[in-house]
Amino acid sequence: MSKKILFPQIKGLLHGSDYNPDQWLDRPDILEKDIELMKKAKMTSMSVGIFAWAAYEPSEGEFHMDWLKNIMDKLYENGIYTILATPSGARPAWLDEKYPECMRVNADDHRAHHGFRHNHCMSSPKFREKTGIIINKIIDTVGDHPGLAMWHISNEFGGECFCPLCKKKFQDYLADKFDHDINKLNKAWWTSFWSHTYNNFSQIEPPYANGEFSIMGLNLEWKRFTTWNTTDYMKSEIEILKRRTPNIPVTTNFMQLFPGLDYRVMAKELDVISWDSYPFFHNNYETFADTMARSSFDHAVMRSMKKDQPYMLMESAPGLANWHRYNKLKRPGVHKLFSAQAVGCGSDTVQYFQWRKSRGAFEQFHGAVVDHLGTDDTRIFKEVAKVGEMLDNLSKVKGTLVKPKAALLFDWDNMWAIENMRGLSDETKNYPQTCADIYHEFLKLGIDMNVVASDDNLDDYNVVVAPMLYMLRPGAADNLKKFVKRGGQLLATYLTGYVDDNTLCFLGGFPGNGLSELFGLISEEIDTLYDCDINSATFTNGNKAKIRDYAEILRVSDADVIARYDSDFYAGTPVVTRKTYGDGKSYYVAARLDMNAMSELFKTMLEETETPYYVLPDGIEYHKREDETGDTIEFYLNVTDKELSFSTISGDKLTLEPYGVKIF
Amino acid sequence: MSKKILFPQIKGLLHGSDYNPDQWLDRPDILEKDIELMKKAKMTSMSVGIFAWAAYEPSEGEFHMDWLKNIMDKLYENGIYTILATPSGARPAWLDEKYPECMRVNADDHRAHHGFRHNHCMSSPKFREKTGIIINKIIDTVGDHPGLAMWHISNEFGGECFCPLCKKKFQDYLADKFDHDINKLNKAWWTSFWSHTYNNFSQIEPPYANGEFSIMGLNLEWKRFTTWNTTDYMKSEIEILKRRTPNIPVTTNFMQLFPGLDYRVMAKELDVISWDSYPFFHNNYETFADTMARSSFDHAVMRSMKKDQPYMLMESAPGLANWHRYNKLKRPGVHKLFSAQAVGCGSDTVQYFQWRKSRGAFEQFHGAVVDHLGTDDTRIFKEVAKVGEMLDNLSKVKGTLVKPKAALLFDWDNMWAIENMRGLSDETKNYPQTCADIYHEFLKLGIDMNVVASDDNLDDYNVVVAPMLYMLRPGAADNLKKFVKRGGQLLATYLTGYVDDNTLCFLGGFPGNGLSELFGLISEEIDTLYDCDINSATFTNGNKAKIRDYAEILRVSDADVIARYDSDFYAGTPVVTRKTYGDGKSYYVAARLDMNAMSELFKTMLEETETPYYVLPDGIEYHKREDETGDTIEFYLNVTDKELSFSTISGDKLTLEPYGVKIF
Amino acid sequence: MSKKILFPQIKGLLHGSDYNPDQWLDRPDILEKDIELMKKAKMTSMSVGIFAWAAYEPSEGEFHMDWLKNIMDKLYENGIYTILATPSGARPAWLDEKYPECMRVNADDHRAHHGFRHNHCMSSPKFREKTGIIINKIIDTVGDHPGLAMWHISNEFGGECFCPLCKKKFQDYLADKFDHDINKLNKAWWTSFWSHTYNNFSQIEPPYANGEFSIMGLNLEWKRFTTWNTTDYMKSEIEILKRRTPNIPVTTNFMQLFPGLDYRVMAKELDVISWDSYPFFHNNYETFADTMARSSFDHAVMRSMKKDQPYMLMESAPGLANWHRYNKLKRPGVHKLFSAQAVGCGSDTVQYFQWRKSRGAFEQFHGAVVDHLGTDDTRIFKEVAKVGEMLDNLSKVKGTLVKPKAALLFDWDNMWAIENMRGLSDETKNYPQTCADIYHEFLKLGIDMNVVASDDNLDDYNVVVAPMLYMLRPGAADNLKKFVKRGGQLLATYLTGYVDDNTLCFLGGFPGNGLSELFGLISEEIDTLYDCDINSATFTNGNKAKIRDYAEILRVSDADVIARYDSDFYAGTPVVTRKTYGDGKSYYVAARLDMNAMSELFKTMLEETETPYYVLPDGIEYHKREDETGDTIEFYLNVTDKELSFSTISGDKLTLEPYGVKIF
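Chains as they are written, first to last, in numbering that gives the first Met the number 0: chain A, 0 to 663; chain B, 0 to 663; chain C, 0 to 663.
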C-alpha cells in the first residue's frame, strides 16, 4: 500500500486552528493582525466558517459571501490553507423562528427553544433544504479556491430528537430492519415480557423520558437509529460536496468515545478521521501519566477507524479549556508534549480551538492562541509557536503509520447494551474505563494497540483482548474463533457472550453463540461485589491478583485452570483459564483482576507470539510510526514533571526534561 | 377459632413461583421441560398470567385463551396448582394506542407514553371496562378448573395519577369526606394560612409538582385518596371474581412498608395477605442479622394485617435480583434460611419470581429457578429443590399461627404525615427504620411483635410500643388509655401527639388529645441535633444512654422521672418518665435513645406483665408458631456465616451451621 | 444631616412581629389572649395582613374589611402600632381559577398550578388591577387609622416568570435599552459567536431551561430585567399608597444577598430598608462566631442601602425555623444576642415571624412568640419578653447611625456575571462568601464596613476592598481611580476587570477599562487550583500566605511587588503588588490568599489612613452607633458559649456570660 499524504500542499505537518473572522468583520485591524501572528506561530491552516451561517445569510435568502473569499484569499496569499466548514453546527435565529420544525424535541416530548448549537432535527427536510442552499452558496463562492484544503462537515455531531418526524423515521427504520414483520421484532425484543407485544410498527415510540424504557432491544435500536439518522443527514451534506468538489476530502470532528454515536458507522462516509481532544490535565484523581495514557487511548480509537492512513487532531486547547470542572492551566511544556503524543499516535496535524478568543458568549474564556490581550509575547503564544516549529520540521513523518500487533476489541453497541443492562451494579460497570486500563498496560510495555470492532478483520494482530464482550454482534464469535485458530492469542473476561445483537440472552450457557467451545467453559453465575468485598486469585505459578466488582463462577470443561479464587463460597474454583484452540490460545478471566496481574497475562501472550515488548521506565510513554519501507520514527515522552534519565529500547541513554519529548 | 388452612389441596406448605409460559408458546420443548423441572424442584403451585394480557387478547376483541387452559391442565396433571392472575399489571400496546385515557398523567401534568407497567389510571372507566372483559374471558375459560387455587389480583399496585378524571374524583372524595361543606375543609386544613382558602371543592387540585404543596392536610388526603381509589379499582376486579367464582380466594401482592398505599385499607378486601420480599442480602451497610431482622419486621407487618390466619410469601428471588444497587448473589444456604424465616413468621408459602429467566427485556437477569442455561444442576436450582423438600415435610405447620404478646404501633398515614411535616430534619426523621429497630430489639429477646394500627384492638397484647406517634387518628388516644388502664405497658416517644388526623396541631400542649394526662407531662420544645451534637441520658439506676437526632424538653407534672439529660442547656431535665395509670404503666421517652437503653425498658415492661422472654445468643433468630391446641413449632435461624453452638430456650444444646436452620 | 427617627410614636426601639389574626377570627378568646400576651412581651408593633387577601375578599368583589379595623383598633388601644401589609404575597384561589394569567410560567415553559405563594406574574395587568382594588379597599378602611405606622409591600419578592407577557416585556425592555437597534445588542452580546445573531428583538427569548443559555449578555440582562420588572410592579403598589397616604412610609422585606433581585434598584423606591434574618445557628460546619459574623455582614448589606438612616429587622425566628436542614433550637441567650447585634449594626427594630404558631399548613412548626401551648411561661416567650425589656430601654439609640470608614464593593450583577461565567471552577468561585470573609476580617479589627456598589460615592471611606470585581459597570473604573487619587487605600484581587457591563471582555489586557494603569500591571493568565494543589506566597517582609483556588500570573509594569509565589511554574513571580497613585495606594492581590494574610494588608491600609482599629479578643464582636453629635453607643457581644473576660477598646475590664451582651 502506498503512503497516503493528507496535505501534500503543506511542507511539514499541518499546524492549524479554528478561526472565526466572521466575529471581527468590523475590525479590519484585528484581521490584519491575525495574519501577522499566524505567520509568527507557523500556522499552515485555518478551519473557517464553523458557525458562520448567520454571517453568510443574515436573513433568509440574503447572502453575504464576500468576506469568506477575502479571508481565504488573504490566508492563501500568506501560505495558509483553509479547512472550510459547512455551517450547520448552529442555526440562525431567523431559521428557527420561521421553521420551528428544525429544532429538536427532547426526551420529555417538548420542542427546544432556539439557542445553543448542535441541536437540529436530523430528519427535518426543511433543515436539509436550508443547509443544502447555504453549502451550495459556499461552493459557488470558494469551491475552486486554491486555498481550500478540506471540507469540515458541520461540527461535533451529537444528540437525539424525539419529534414526530424522527418517530416516524424510527418506525420506518425498524420496519426495514425487521422485514416489515412486527412479529420478528416482537421476538427479537422479547416483547411478550410484561405484555409489551406490538401489533404494528406505528405503535413503537422512541424511549421518551416518561415512556417505554423497559425493552432493552428498543433502547439499543434507538441508539443505533440515532447514529443511522445522523449519518444519513451527514451524507446529505457530503453528497453535495462530493458532487461539486470531488477532489476535496471531507471529514467531521469526533469526540473520544462519544457515547451518543457509533463513530465507526459514520467513519465509512468520511475521507479522513479527525477529532477534538481536551484532556483533564493536572487533575486531582489520577497521575499525569494516566491522563496522557487515556489521551493516547483516544488517539488509538481514532487511528483504528482508518488504520491505513494518518488522522487529524482537529481541535485542542492551546492553554486551558473553559468547560472543565476545574479549568487548570496546562503547565509549560505540556502543549508540546501533548502535540508530540498526537503525532506519535498517528496524527498528521495539530490543530486548535481556537485562534483568537471571542470577546463574549459561551466560550470567551476558552483557551486560544491569541488572548484578549492580543499580543505575541504571551506564554501560550510562544508555546504554540514552538510546536509550529516542531511540526514544520517533521515532514518526514507525513503519511507514516502506527502498525500495532495488538488490538483491543471495543464495540459502541456493546457499550450501550452494557450500560442499559439491568443487573450487576450501575456504579461499577465501567466498560470504557476497563478498555482504557487494558490499553494502558500495553502502552507500558511499549506496545501501541489498535481499538477495533469485534467483527473487524483481525489478521494483522498477534494478540487481541476483548474485555466484557457482553453482546456478540453477528460474526463476532466466528471472527474470534478464526483469529485463535490461525494462531492468535485471545483474552476475554467476565461478562462475555451473554446476549445477541438484539440483547436476547443466549440459551444453553454463557459465553454463547459457540464461544463456550472456544474457551472450554460455561459461566454459571456472576457475583457483584461491594467495595468492601475482598477477594483474590492465586495463579498456579504462585502469583496473586486482587479481585473487585465482578466475579463469575465457572464450569470448566475443557481448559487449563491457571488461577483459582481464594475466598468466598467459590474459593478454589477457577477464575483464569487457558485453552489451546487451533494454533492459538484463548484466555478467560472470570473476574475483574488488578491490572498488574492482567499485565502478566499480556506479557505471556506477547511472548507466545514472539511479539517484542519492552517494559518502559515509569513515566515514559513511547510510540512508533513506520513508513512503507519499514523506516521508523520513535517518540519518547516524559509524562511526569520530573527530569528522567533512562535507556531507550535500542539501549541508548536518554535524558528528558520534565514533560520533555524526544523524536528519533 | 378454628385453624384456617389456605391450601388444603396441597400436602405440605405451598412451594410456588411466577410462571410465564406465554413467553415460550413457540417453544413446546421448553414448556415440556418446565414440567419436568418443576417436579424435580417439588413445586406445588405456579402463579400464571401476571402480564399475559397481550397473549390473551393480541388485538382488541381477538381472544386466544386456549394456551391458558392447556397450561393449567398440564400443571394440574402433574400435581401443580395454579394461582391465576388478572392481567391488569400491564396494558397491551393496542389499548394505549386506542384509549390513551388509560395511561396516567404524572405529577408534572403530562400524560405518560405507553410503556413499562403498573401505570394505569385507576379512575378510567375504559380501563375498568377492558379489564372486566378480559377477566370474564379468563373465568369463562378456566373459572371452574380444578387446578385453580387462588386469584392474584393484578400485580404490585402502586403509583398516582393526576389526570382530569382523577382530579374530579379527588374533589368528589373530598366533598364526601367534608360533608360537602368547603368551610369544614378550610378549617381542617387551616387554609387561612397564606390566603389559601377555597371557595368550593372544584378549586382543589392534586399536589402537582409545580402546584400546591404547602397544605399538609391536602398532601395527606391525596395519599389517602390514592389508597382509596386504588382499592376502589381493585374492588371492581374482585366484584367480578367473587360473583362468578365465589369459592376461590383472592389476594394481591404487597411490597413491605410500601410508602404509596395504606395496605391495611386494601387488606380488608382480600381473603389472604401475600407479599413480595427482596432483601438486600450481604450489603455493605449493615450486618446480615440486621438484614434478616428487617425482613422479619416486614413479615410481621404482613402477618398482622390478618393475624388469625397464615399469609403468603408471594415472590422472592431464588438467586439474585437485578434491580438492587449491587445485585449480589445469595450465599449458599441463605435461600433455605430466608424461606424458613418466612414460615417461622407465619407464611404458609414460599414462592418465587420467577420460574424461568426471560430471554430479553427488563428482567432478563433477575434470578429465577431455571437459568438461561436451562438445566437442573445449577447451584440455584439445587437450593430451590432443597427448600421444596423442606416445605413438603412441613404439613404440620399449615394453619398454625404466630401469637405475639407485644405489638408495635405503626400507622401508614402517620408515616406520610411525618415525612411531609416541615420541621426537624428530613435527613433524620427515619420513622419506619425506628419502628424496625424497636422490632429488632424484641426479636433479640425471642419475642415476635405484631405491627398494628393505633386504633386496632389491643386486647391481645401485654406490651405496646408506639414510637413517634406524631399524628393521632380518631380513637387512638382513647385506645391507648384503655390499653394501659386494663394493665398494659405502653411506651411512647418524642414526637407523640402533635397533630390530629388532618395534621392540625393540638392546642394546649403536646402530646395532645388527652395523652398528656396519660403520660403526666407536656413536651415544650423539640431540639433537632446535628450528627456532631453529643448528648446522653443517665437513668436513676445509673444506666447511661446515648442520644441522637431528637430531644424534647419536658414539663413533667405527674410522672416518675427515670432518666435525665446529661448535657446541653436542658441538662438535668427529664428525658424518660413512667406513670402508673389504671392497672398499667405508661413510659415516655423524650429523645432518640440508643437501642440498648430502649431494650432495658422493654425488658422491664415484659417483666412487669410476666411476659416470658429469652435473651438470644448473638446471631440467632427465633420464631414460634402455635396451633389451636397450643402445640408449638419453633424455628432457630443462624443469621451469620459462622457455625454457632448455643442453648435453646428449652435448654437443649444446638449447633447450627453457617446460615443454618433448625425447626422443632 | 438631622437624625432620622423611623418610629417617633414609639418610645423605645420597635419590638414587633408578624401577626395573623385572620387565622383566628372564629376564636375571639385567642384574639383577646393575644393582646394580653403582647403587652407582657412588651410588643410595640404588629405586622398585619401579610397573606390576608382571602380574608379581605373571600370571593371576587365581596369584601370583608371590618375585622382589620377591629384588630387595629384593639392593638392601638393597647399601645401597639400596626405595620400593614399589602396582601399581594399570595393570591386567593378564586383569582387563579378565573384569571390563570396571574400564575407564573416556569423556565420549562409550563404555567404553574395554583398554590404556594410569591409566584405571581409581575407583568400581568389583571394582577395589578386586582391588587390595586384590594389595596384601595384597605386604604378606604384604615388609611387614616392612627395606629398605622408603615406600609409593608407584599412579602419577600422573588422569582421569575417566562410567560408570553413577560417575554414581550423583556423584548420591549431590550429594545429600549439598545435604542431599538438590534445590531447594538448583537455587538454588546457578541452574538456572532455560534451564529447567534438576531434580526430583531422579537426573536429574543428568556433563557428557558431548554432554550438559549449560551449568551452571557442575555443571561445577565434577563436577571436585570427581572429586577426591573419586579420593581415596576412594586412601584404600581407604591403609587397608590403614596397618592392616598403620602405620610405613611413604605418598605418591603428583603432577604440577605438574595440572588434573584438586585435590591439596590428596589431600595431606591422605598422609604425604609427592612429585611428577614434566619441564620443557621449552632450548625455543624462553622463556628458560632462565624455564623454571627455572616449575620453581621448581611446587616451591613442592608444598612448600606440607605446609610443615612436606620433600617429594620423585619423578621426573625423567636425559637427555631422550620425550613432549615436541621431545625435546631436557639440556645438560651442567643435570641437576645442576635437582637443586640441587629441594633448594633444599625437596625432600629427587632421583629419576628411570627407571633403565634398557625395550627396547620406549611409553617405550623416555625418558631413563634406564642406556641401551640398558648402560655407565657415558655422559655421562648420569656426570652422574647427580655428582649422587649431591652428595646424599651434603648430609646437613646433611635436614629443613631453606624458610620464606617471602610467599605466593601459588591455588585449584584457582578455576582450574576461571575456565576454565569464559563471558566474557573463552579465549585470554588464563591464570590459572596469571599466578600463575607473579608468583612469578617475587618469585624475582628473592630471595624464595621459598609457594603456598597462599585459606582457608589466613596467619599466617606478611607479603605475600600473590591474583591473579584470581574465586571466593571460604567463609571466603576473612574470611581476607583478617583478614590485612590484623593488618598484612599484600595485593594483589588484576581478576577478584576475582565468584562464590561454586557460581559464583553476588555481587549488589551486585564484589568481593563483603564484599571491596569491604576494597579500598574496586567494579568496574563489565571490558574484554577484543585483542592490538592498547594501554593503559597512569601511577602517581602518574610510573611507567608497560603493560596488556594485561584492564582493569576501577572506582568507588573509599574508597581511594587510585595509578595511572590513560592511554587509551581510561576514561582517567584508577583502575587501581591502595591502602587502609589495620586495621594492613595492601590493593592492588587492576584491569588486567593488566606484571610490572615489579607488581614495584615488591611491593617496596613488602615494604618496608612490613620483609621483606628482594635484587634478584638477571640469570640468578641463589636459594633458602634453614633448620633449627630458624635456621642456613641457601643455593643460588645460574646459570640461563644463560654464566659469571656477582656479589656474593652477604652481599656475597661469586661466579663460577658456565654452569649452575653453589653451595651454602653
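The beta-carbon is built from N, C-alpha and C at its ideal position, and this holds for glycine as well.
List the endpoints of the continuous beta strand (DSSP E) containing residue i.
| i | result |
| --- | --- |
| residue 19 of chain B | Careful: residue 19 of chain B lies outside any beta strand (DSSP E) and carries neither H nor E. |
| residue 658 of chain A | Looking at the DSSP string, residue 658 of chain A is not in any beta strand (DSSP E), and its letter there is neither H nor E. |
| residue 621 of chain A | 619–625 |
For residue i, count neighbouring Cβ atoms within 10 angstroms of its own Cβ and tell me buried if that reaches 16, exposed if not.
| i | result |
| --- | --- |
| residue 422 of chain C | buried |
| residue 458 of chain A | exposed |
| residue 631 of chain C | exposed |
| residue 667 of chain B | This structure cannot settle anything about residue 667 of chain B, because the visible part of chain B is limited to 0 through 663. |
| residue 303 of chain A | buried |
| residue 267 of chain A | exposed |
If the cut is a Cβ gap below 9 Å, which residues of chain B does residue i touch?
| i | result |
| --- | --- |
| residue 531 of chain A | 283 |
| residue 212 of chain A | 114, 115 and 361 |
Taking Cβ positions, are residue i and residue j nearer each other than 8 Å?
| i | j | result |
| --- | --- | --- |
| residue 626 of chain C | residue 2 of chain C | yes |
| residue 546 of chain A | residue 569 of chain A | no |
| residue 467 of chain A | residue 406 of chain A | no |
| residue 278 of chain A | residue 398 of chain A | no |
For residue i, which residues in chain C fall below 8 Å Cβ to Cβ?
| i | result |
| --- | --- |
| residue 109 of chain A | 107, 108 and 209 |
Under 8 Å Cβ-Cβ, which residues of chain B neighbour residue i?
| i | result |
| --- | --- |
| residue 197 of chain A | 92 |
In chain B, what lies closer than 7 Å to residue i by C-beta?
| i | result |
| --- | --- |
| residue 328 of chain C | 524 and 526 |
| residue 424 of chain A | 324, 325 and 326 |
Taking the alpha helix (DSSP H) that residue i belongs to, which residues open and close that run?
| i | result |
| --- | --- |
| residue 75 of chain B | 65–76 |
| residue 298 of chain B | 287–304 |
Which bits of chain A does residue i rub up against, with CB to CB less than 8 Å?
| i | result |
| --- | --- |
| residue 508 of chain C | 371 and 372 |
| residue 275 of chain B | Under the 8 Å cutoff, chain A gives no residues; its nearest Cβ is about 16 Å from residue 275 of chain B. |
For residue i, go through chain A and note every residue whose CB falls closer than 7 Å to its CB, in chain order.
| i | result |
| --- | --- |
| residue 46 of chain B | Those do not exist, as residue 46 of chain B stays about 15 Å from chain A at its closest Cβ, beyond 7 Å. |
Per the contact definition of three or more C-beta pairs closer than 8 Å, is the region 214–224 of chain C in contact with the region 494–506 of chain C? yes
For the region 522–534 of chain B against the region 314–331 of chain C, do three or more pairs of beta-carbon atoms, one drawn from each stretch, fall closer than 8 Å, so that the two count as touching? yes
Counting pairs of Cβ atoms below 8 Å between the region 434–443 of chain B and the region 532–552 of chain B, do you hit three or more? no
Between the region 381–399 of chain B and the region 2–19 of chain B, can you find at least three pairs of beta-carbon atoms closer than 8 Å? yes
Meets three-Cβ-pair contact criterion under 8 Å: the region 191–205 of chain C and the region 45–52 of chain A: yes
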